[in-house]
Structures are given as structure tokens and as C-alpha cells.
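Trainee:
In this note's numbering, the protein residues as written are 7 to 404.
1) Please name the residue in 162, 42 and 88 whose C-alpha comes closest to that of residue 3.
2) Take residue 261 and list the residues in its own chain whose beta-carbon comes closer than 7 angstroms to its own, dropping the five residues that flank it on each side.
3) Can at least three beta-carbon pairs, one atom from the stretch 73-82 and one from the stretch 51-61, be found at a separation below 8 angstroms?
4) Does the beta-carbon of residue 212 have 16 or more other beta-carbons within 10 angstroms, so that it is buried, or is it exposed?
5) What residues in its chain sit with their C-beta under 7 angstroms from that of residue 206, if we drop five residues either side in the sequence?
6) Give a yes or no on whether the C-beta atoms belonging to residue 53 and residue 113 are separated by under 8 angstroms.
7) So residue 360 and residue 314 are supposed to be a Cβ contact under 8 angstroms. How far apart are they, rounded?
8) Check this for me: beta carbons of residue 180 and residue 188, under 8 angstroms apart or not?
9) Rounding to the nearest angstrom, what Cα-Cα distance links residue 99 and residue 88 in this structure?
10) Taking only the alpha-carbon atoms, compute the straight-line gap between residue 307 and residue 342 and give it to the nearest angstrom.
11) Could you pull the start and end residues of the beta strand (DSSP E) that residue 122 belongs to?
12) Check the DSSP bridge columns for residue 113 and list the partner residues they point to.
13) Would DSSP call residue 213 helix, strand or coil?
14) For residue 322, count neighbouring C-beta atoms within 10 Å of its own C-beta (all shown protein chains included) and say buried if the count is 16 or more, exposed if not.
15) Taking C-alpha atoms, which residue in 151, 156, 128 and 340 lies nearest to residue 274?
16) Taking just the CA atoms, how far does residue 109 sit from residue 268?
17) Consult DSSP for residue 355 and reduce its assignment to one of helix, strand or coil.
18) Who are the near neighbours of residue 34 in its chain, counting only those whose CB is closer than 7 angstroms to its CB and skipping five residues on each side?
19) Using only CA atoms, which one of 216, 156 and 122 lies nearest to residue 232?
20) Output yes or no for whether 8 angstroms exceeds the beta carbon distance between residue 165 and residue 278.
21) State the CB to CB distance for the pair residue 85 and residue 70, rounded to an integer number of angstroms; the pair is presumed to be in contact (CB under 8 angstroms).
22) Which residues in the same chain as residue 74 place their Cβ atom closer than 7 angstroms to its Cβ, once the five residues preceding and following it in sequence are excluded?
23) Near residue 257, what residues of its chain come up, given a Cβ to Cβ distance below 8 angstroms and the 5 sequence neighbours on each side ignored?
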């Protein structure tokens, strides 16, 4: 009888697990994963990491919701949140179906501290359309996490895959990266390659504002220590703003003001299609048009006190000088320090917003633009230099 029971036990492949910020980063996490249709429950077990093997008999259980994938009808999308956790604490977790006693591999995550310095990794445009490209992206992420072992999370500036409605591409990218993604938190923005049919939202459990649309992506925010992060969706559209709805822009303004009122020392924006670049997209109509991101969104960044904008879309490394509301660049007095053997340049409270694109993880690069149609704007960019890995950043009290 026991052998028969074992033979009849369901076998379900739990795949494409991602861990995200959801609400209060000091006490909550979001989880997403996929299974075949045989599992209808969405359960997460969480137990504090006390330095020994996890005892899931002592775990907290959190149950979420299950839907059928919009782009892979033979799979369920599972989402759940763990809440009420302790700040600045390491946890073990696993996801699955408690009723079937089927669970994923064990992963780890940390909740955010209330204050203090921290580091994170920024990457963009993995955009894997073939399995070998997904393997390259996975190896790059693994190397980045090994190089910056104290990185608390990974920011992704969009275009995770080439075709967001192709579930096979997500299988490759998230599958080959699974060992890394089981042990870090990812904070992504939606790129134009995942702008249809819930392709982004069904792979990342993020807390959208009430009634916000999720067909083309998602916009949300989170606090980490003394920094506030605003993640925008540049796949929307309206008569006033190319790539953005009026509702999203109104939310961004309110969210930034609330963050400042709450004492945020840094405000950082994650956006796929950004206003400034040295590459071919610099002259696209949705960038430089009358209602484009440079004319309509960039002035708001400075007005709202945004310190840093992390961009994607252009497959080239670029970093601007601090740019003021009128679009001119500020020449700042730089201070140089040596940190961990590296020479670091910084300025204290510059007047303006810095825009940066990390070198993409994708094996496709876009050359620097030869166009002069944007005139003296080229002077806003610092010298580009080749980078072979994603960018890591450290945030300290201002």
C-alpha cells in the first residue's frame, strides 16, 4: 500500500521563483512561482535563519492566490506575501502546496534594516531570447553576487527577456538564474519587451497602487533603510505623457512627496526608458518629442528631489552629470576617496539628478549615437567606459 501511495503521489515542477519587495521592506516579502495546473494552493513557509539547518516544522505559513498564466495556459501562477517579520533578519523559505506536501528548494532572504548603509546591484536588459543567452545572463548575475557578497538586493531596469509573452524565454532566464534568485531579492521595472498581456506582472509580485493597470507592467515603490525607491512603468501612454499614464505621474508626485516628508535621505527612480543616453534611442520620438520623457518627465525628477535615475533600454554604459530642471548640467566640485582599494569620486548635495545606464547583461550592444540633432545635450554625459559586469552601489546616510 505504501508503494502504491508513493506511485500515485503528484509530481509537480515548482519553477520560476522570484522574491520581491512587497509593502514594508522591514517586515514583508513577496513571492511568485509557477507550477503545472495540478497545484492550486499558493503556500510559503518561512523560518528564521539562526545559523543552522531550517526546521520547517516551526515555520510560519502564509497562503496567497493562484491564477492561470495568461501566456502559458498549462501553468498556474502563484503569488503570496510573508508579513509581520522582524526587521534586519535573515530567513529561510520554501514555496509550494501544503495540502500536497510538495515544496520547492529552500531559499533565503533578509528583511531590510530601519537605518544604516547598504549596497545593491543594478543591472538591465538581460533580454535573453535563446537558452545560451539566458545561461550567460545567469552566469553574470552569479558573478555579480559573488563579487558584491554584501549586496542586499538586485535592481533590474527592464527587458528581462526578448519576448515577454514567450514563456519559454522566462523558463530559460529564470530557470538558469534560479539558484541566485532563491537567495536574493529582485526589484525590477518593466521593459518594452515585456509590455503585453501581463508578461511582467505575472512573474513579479509587487504592490501596485489600488486600481493601477498591470497589462503592460507595474509601478510601485519601497523603502530600504534611509533610501526610497520609485519604480516606474514606461510602457503606458497618454496624450500628455508618452510612455506614462496621467495616473502614474500623479502617483509618482505624491509618492515622492510622501517619501521626503517621511525623512528619506535618498530618492532613487528605476525606469526602463529614461530621458538621457548616448545611444541610438536618444532621438526616439517618445524620448525627445513634445510629450516625451525628456521634456515631460525629466523636469519632474529634479523638481521632486530625485537623486538618481537608473535606466535601461540603451545597451551601453552611460552616466550623466547632475542635470537641473532646465536640462542643463551642473559642473560640480568632486571629492575623491579610496574605498576598498578603489578611487571613488563624489559630490556633496549637487543641484540636479544623475541618470545612469549600467552595461546590459544581454549579448547585444548598441553603439554610441552619431546624431547631433540633440545639440549640446551631449555635454551632459560623463565619459563612458566599458564595464563587463552589472554596477554595484552603496548608499550611506546623506
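Glycine included, C-beta positions come from ideal geometry on N, C-alpha and C. Everything numeric in this text was worked out from a predicted model, so none of it was measured.
Mentor: So, from the data block:
1) Absent from the structure is residue 3, since the part of the chain shown begins at 7 and ends at 404.
2) On the chain shown, position 255 is the one that residue 261 refers to. These residues qualify, in order along the chain: 227 and 236.
3) no
4) Here residue 212 refers to the residue found at position 206 of the chain shown. It is buried - the Cβ of residue 212 has at least 16 other Cβ atoms within 10 Å.
5) For the purposes of this step, residue 206 is taken as residue 200 along the chain shown, with counting starting at 1. Same-chain partners within the cutoff: 170, 196, 200, 223 and 224.
6) For the purposes of this step, residue 53 is identified with residue 47 of the chain shown, where counting begins at 1. For the purposes of this step, residue 113 is identified with residue 107 of the chain shown, where counting begins at 1. Result no, Cβ atoms of residue 53 and residue 113 do not sit closer than 8 angstroms.
7) Start at 1 with the first residue of the chain shown, and residue 360 comes out as number 354. Start at 1 with the first residue of the chain shown, and residue 314 comes out as number 308. With a Cβ gap of about 5 angstroms, residue 360 and residue 314 count as contacting.
8) Residue 180 sits at position 174 when you count from the first residue of the chain shown. Residue 188 sits at position 182 when you count from the first residue of the chain shown. No, these two residues do not count as a Cβ contact at 8 angstroms.
9) Looking up residue 99 in the chain shown gives position 93. Looking up residue 88 in the chain shown gives position 82. Those two C-alpha atoms are separated by around 10 angstroms.
10) Counted from its first residue, the chain shown places residue 307 at position 301. Counted from its first residue, the chain shown places residue 342 at position 336. Near 26 angstroms, if we compare the C-alpha coordinates of residue 342 and residue 307.
11) Residue mapping note: residue 122 aligns to position 116 of the chain shown, counting from 1. Note, residue 122: premise wrong, no beta strand (DSSP E); not H, not E.
12) The sequence position of residue 113 within the chain shown is 107, counting from 1. The partner list for residue 113 (beta bridge, DSSP) reads 99.
13) As a first step, residue 213 must be located in the chain shown, where it is residue number 207. Residue 213 falls in the coil class under three-state DSSP.
14) On the chain shown, residue 322 is found 316 positions in, with the first residue counted as 1. So residue 322 counts as buried.
15) Taking the first residue of the chain shown as 1, we reach residue 274 at position 268. Taking only the C-alpha atoms, the option nearest residue 274 is 128.
16) Within the chain shown, the letter at position 262 stands for residue 268. Within the chain shown, the letter at position 103 stands for residue 109. Taking the straight line from one Cα to the other gives about 39 angstroms.
17) Position 349 of the chain shown, counting from 1, holds the residue named residue 355. Coil, per DSSP.
18) Here the question's residue 34 lines up with position 28 in the chain shown. 28, 87, 88, 89 and 91, listed in sequence order.
19) As a working mapping, residue 232 is identified with position 226 in the chain shown. The shortest C-alpha separation from residue 232 is found at 122.
20) Taking the chain shown and counting its residues from 1, the one referred to as residue 165 is at position 159. Taking the chain shown and counting its residues from 1, the one referred to as residue 278 is at position 272. The answer is yes: Cβ separation under 8 angstroms.
21) Within the chain shown, the letter at position 79 stands for residue 85. Within the chain shown, the letter at position 64 stands for residue 70. Between residue 70 and residue 85 the Cβ distance is about 5 angstroms, and since that is below 8 angstroms, they are a contact.
22) Taking the first residue of the chain shown as 1, we reach residue 74 at position 68. Only 82 meet the Cβ criterion.
23) Locating residue 257 in the chain shown gives position 251, counting from the first residue. Closer than 8 angstroms at the Cβ level, and outside the excluded window around residue 257, lie 215, 218 and 225.
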